[in-house]
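Participant: Below is one structure. I have some questions about it.
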Amino acid sequence: MAEPFRMYVLTDVHFLSKKLWVEGMPITRRERGDQIALKVSPEITETFFDKIIADRETPNVLITGDLVNCGEVISHGDFKALLKKLTDAGKRVFVTTATHDYCGHGVDGDENIFSAVGYGETECYPVDYVGKVESRHLYDEYGPDSADSVDTESGSYSVSPHAGVRLIAINDNGNGRSHCGLFDEGFEWLQNEIKCAKPRGERIMLAVHHPVLPPWEIYRLAAEFEMFGGYEKLKRMMCDGGVRVIFTGHTHVQSIQKYEDGKGGFFYDISTAALGAAHGMMRKVTLDTDTGKCSVESIGIDKIKGVDTPLRACEYVYGLNFTGLLEKVFPLINTDWDRFLQDSDGFLNAEKLKKHRLAVKAAAGFAQKLKMSTLAKFGKKYNGLSKDRIKALKDKRAIDCAFVIMRHIFSGNAPYTPYTDEYRVLMGVCRKADKILNTLHRPPSSFVKGAGSLCDIARPFLYNDRTGDDNAIEFYM
Numbered sequence: 023m024a025e026p027f028r029m030y031v032l033t034d035v036h037f038l039s040k041k042l043w044v045e046g047m048p049i050t051r052r053e054r055g056d057q058i059a060l061k062v063s064p065e066i067t068e069t070f071f072d073k074i075i076a077d078r079e080t081p082n083v084l085i086t087g088d089l090v091n092c093g094e095v096i097s098h099g100d101f102k103a104l105l106k107k108l109t110d111a112g113k114r115v116f117v118t119t120a121t122h123d124y125c126g127h128g129v130d131g132d133e134n135i136f137s138a139v140g141y142g143e144t145e146c147y148p149v150d151y152v153g154k155v156e157s158r159h160l161y162d163e164y165g166p167d168s169a170d171s172v173d174t175e176s177g178s179y180s181v182s183p184h185a186g187v188r189l190i191a192i193n194d195n196g197n198g199r200s201h202c203g204l205f206d207e208g209f210e211w212l213q214n215e216i217k218c219a220k221p222r223g224e225r226i227m228l229a230v231h232h233p234v235l236p237p238w239e240i241y242r243l244a245a246e247f248e249m250f251g252g253y254e255k256l257k258r259m260m261c262d263g264g265v266r267v268i269f270t271g272h273t274h275v276q277s278i279q280k281y282e283d284g285k286g287g288f289f290y291d292i293s294t295a296a297l298g299a300a301h302g303m304m305r306k307v308t309l310d311t312d313t314g315k316c317s318v319e320s321i322g323i324d325k326i327k328g329v330d331t332p333l334r335a336c337e338y339v340y341g342l343n344f345t346g347l348l349e350k351v352f353p354l355i356n357t358d359w360d361r362f363l364q365d366s367d368g369f370l371n372a373e374k375l376k377k378h379r380l381a382v383k384a385a386a387g388f389a390q391k392l393k394m395s396t397l398a399k400f401g402k403k404y405n406g407l408s409k410d411r412i413k414a415l416k417d418k419r420a421i422d423c424a425f426v427i428m429r430h431i432f433s434g435n436a437p438y439t440p441y442t443d444e445y446r447v448l449m450g451v452c453r454k455a456d457k458i459l460n461t462l463h464r465p466p467s468s469f470v471k472g473a474g475s476l477c478d479i480a481r482p483f484l485y486n487d488r489t490g491d492d493n494a495i496e497f498y499m
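Next comes the structure, spelled out in structure tokens:
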């Protein structure tokens with residue numbers, strides 16, 4: 023019996039060097055406006071790496087892009103020093119880069135919008151950055167140097183990390199914004215690598231930063247440029263080539279999606295949450311090369327090394343992320359307006375809030391008082407709840423349910439199954455709202471082209487109707 027292939031998968035590290043910031047509003051605003059705990063990104067990264075090193079049975083590590091904050095040379099240097107800890111411990115590391123790993127600044131038509139800066143006490147200042155072409159070779163020792171084949175245009179590479187396994191790591195080529203994918207030459211190279219792996223009896227795993235399948239359909243409809251450029255072509259290529267899995271990131275969402283082409287072809291897009299997000303995870307992949315059985319589990323951290331807090335890692339980071347901050351400041355809107363503005367600086371627009379103060383206060387007051395029973399009555403014709411069930415919801419606030427849903431957006435496994443009162447109430451509201459919008463000839467598609475009903479949009483945020491579990495899966499390759 024052959025030894026199983028084992029590999030950790032991480033993504034969206036967004037590492038920011040400690041040398042690039044001091045305490046002040048610039049770094050605080052940046053962290054609040056992001057979904058990443060930037061200040062402690064080195065501690066989070068090291069904690070995960072220590073966990074990988076402690077696992078002696080798993081020799082391979084894959085990291086799929088957005089390694090650093092915004093292409094800073096210093097951040098890349100410090101991150102590579104941490105990668106060396108992995109290789110010094112005997113781990114084999116494979117890396118791809120993505121749009122946060124370089125700055126374009128309009129060179130050769132590049133649309134990358136990021137700027138490399140340091141964060142002072144009162145202002146940001148420019149720092150040295152890595153360009154797109156340079157970023158392609160910055161991590162050559164972590165994959166390309168040991169690869170069997172490298173696509174010269176994109177920097178993508180194909181390697182055999184284990185007998186009977188072919189890992190093809192795809193670099194997002196393009197202009198850094200409206201097209202982050204492969205061009206024709208890159209697709210030709212990729213198709214050839216898939217074609218060559220089959221006669222060798224190798225089981226193929228793909229990896230890329232941008233998603234091939236969106237976490238929710240509204241994501242693709244509203245922001246298709248955030249998808250892998252050429253995702254439809256890649257879907258066909260994977261199904262035709264018998265490729266069963268691709269590991270992705272970028273969305274910061276813990277998600278497992280299955281695609282079926284209707285002709286027997288299928289694959290899983292396994293997206294991993296950002297490492298420094300509230301529910302930052304890494305995946306552990308185990309492949310039995312004899313049977314083709316592949317299992318994927320999710321592993322997080324409990325405490326962040328070197329951070330003085332009694333909170334668990336997910337609780338600590340949640341308080342720094344958009345959803346956690348909004349949940350914390352929301353009650354202040356009608357109790358301490360000045361404190362609300364101060365604590366929301368960086369993730370809400372203070373000038374617009376001041377301009378519409380009365381409207382904001384009125385909306386917040388309404389949201390705080392709105393009960394789930396009121397929503398149940400509004401959609402009673404469509405939710406099927408009895409009077410007793412509706413009455414039982416009179417003490418449950420709608421805003422609390424909203425925050426529960428928001429907490430699960432990035433962590434996956436939406437909270438309300440079709441058997442819960444919350445699901446039935448909220449879907450009932452959506453059904454009635456759909457009817458009203460259609461009567462007014464203003465369906466969701468008039469706001470977002472291609473969008474279906476409100477029910478279709480809302481359902482995946484309430485209930486995981488994908489594969490059943492965003493954190494673990496078993497399948498055969």
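Residue numbering for the sequence shown follows our numbering, starting at 23 and increasing by one per position.
For each residue, glycine too, the CB sits at the ideal point set by N, CA and C.
Helix, strand or coil for P437, going by three-state DSSP, please let me know.
Facilitator: Of the three classes helix, strand and coil, the one that applies to P437 here is strand, per DSSP.
Participant: Buried or exposed for E215, going by 16 or more other Cβ atoms inside 10 Å?
Facilitator: Under this definition E215 is a buried residue.
Participant: Can you check whether the C-beta of K418 is within less than 8 Å of a C-beta belonging to chain C?
Facilitator: Note that chain C does not occur in the displayed structure, where there is just one protein chain.
Participant: Rounded to whole angstroms, what is the Cα-Cα separation between K471 and G252?
Facilitator: Cα-Cα distance, rounded: 20 Å.
Participant: On a CA-only basis, which of S157, S97 and A299 is nearest V194? Give me that one, please.
Facilitator: One detail in the question is off: residue 194 reads as Asp in this sequence, not Val. It is S157 whose Cα lies nearest to the Cα of D194.
Participant: From what residue to what residue does the alpha helix (DSSP H) around M29 run?
Facilitator: That residue, M29, is in no alpha helix (DSSP H); its beta strand (DSSP E) goes F27 to L32.
Participant: Sort out for me which residues DSSP pairs D291 with in a bridge.
Facilitator: For D291, which the question treats as bridged, DSSP gives the partners I268 and Q279.
Participant: Quick one: residues in its chain with C-beta nearer than 7 Å to the C-beta of M249, no 5 flanking neighbours on either side, listed in chain order?
Facilitator: Counting only Cβ-Cβ distances below 7 Å, and skipping sequence neighbours, we find H232, P233, P236 and R242.
Participant: The alpha helix (DSSP H) that contains N134, what's its start and end?
Facilitator: Per DSSP, N134 belongs to no alpha helix (DSSP H) and is neither H nor E.
Participant: Do E175 and F205 have their CB atoms nearer than 8 Å?
Facilitator: Closer than 8 Å, so yes.
Participant: When you compare each of S178, D365, V318 and C261 to T86 by their alpha carbons, which one comes out closest?
Facilitator: T86 has its Cα closest to that of S178, out of S178, D365, V318 and C261.
Participant: What residues in its chain sit with their C-beta under 6 Å from that of F369, if we drop five residues either side in the sequence?
Facilitator: Counting only Cβ-Cβ distances below 6 Å, and skipping sequence neighbours, we find R54, G55, F344 and L347.
Participant: Can you tell me whether F388 is helix, strand or coil according to DSSP?
Facilitator: Three-state DSSP puts F388 in a helix.
Participant: Skipping 5 residues on each side, what residues in its chain have a beta carbon closer than 8 Å to that of A436?
Facilitator: These residues qualify, in order along the chain: I427, H430, P482, F483, L484, Y485 and N486.
Participant: Run through the DSSP bridge pairs and tell me what F497 is partnered with.
Facilitator: Looking at the DSSP assignment, F497 forms a beta bridge with C316.
Participant: Pick from T144, M23, T357 and N91: whose alpha carbon is nearest that of W383?
Facilitator: The sequence shown places Lys at residue 383, rather than the Trp named in the question. When each option's Cα is compared against that of K383, the closest is T357.
Participant: Taking its Cβ as the centre, do 16 or more other Cβ atoms sit within 10 Å of Y164, making it buried, or is it exposed?
Facilitator: It is buried - the Cβ of Y164 has at least 16 other Cβ atoms within 10 Å.
Participant: What is the DSSP secondary structure of T273, counted as helix, strand or coil?
Facilitator: Three-state result, T273: coil.
Participant: Given 8 Å as the limit, is there contact between the segment 76-86 and the segment 132-148, that is, 3 or more CB pairs closer than that?
Facilitator: With the cut-off at 8 Å, the segment 76-86 and the segment 132-148 do not touch.
Participant: For my contact list, I49 and Y141 are in at a C-beta cut-off of 8 Å; report their separation, rounded to the angstrom.
Facilitator: Contact flag correct, Cβ pair sits at about 4 Å.
Participant: Is DSSP giving P233 helix, strand or coil here?
Facilitator: Reduced to three states, the DSSP call for P233 is coil.
Participant: Can you tell me where the beta strand (DSSP E) holding M304 begins and where it ends?
Facilitator: Here the beta strand (DSSP E) through M304 covers M304 to L309.
Participant: Around the C-beta of K416, are 16 or more other C-beta atoms found within 10 angstroms, so that it is buried, or is it exposed?
Facilitator: Label assigned to K416: exposed.
Participant: On a CA-only basis, which of K255, R334, R446 and D167 is nearest E210? Give me that one, please.
Facilitator: The shortest C-alpha separation from E210 is found at K255.
Participant: Go ahead and label A120 buried or exposed: buried means 16 or more other beta carbons lie within 10 angstroms of its beta carbon, across all protein chains shown.
Facilitator: It is buried - the Cβ of A120 has at least 16 other Cβ atoms within 10 Å.
Participant: DSSP puts L84 in a beta bridge; with which residues?
Facilitator: Per DSSP, V31 and F116.
Participant: Is it the case that the Cβ atoms of L212 and I240 are separated by a distance below 8 Å?
Facilitator: Cβ distance not < 8 Å, so L212 and I240 don't count as in contact.
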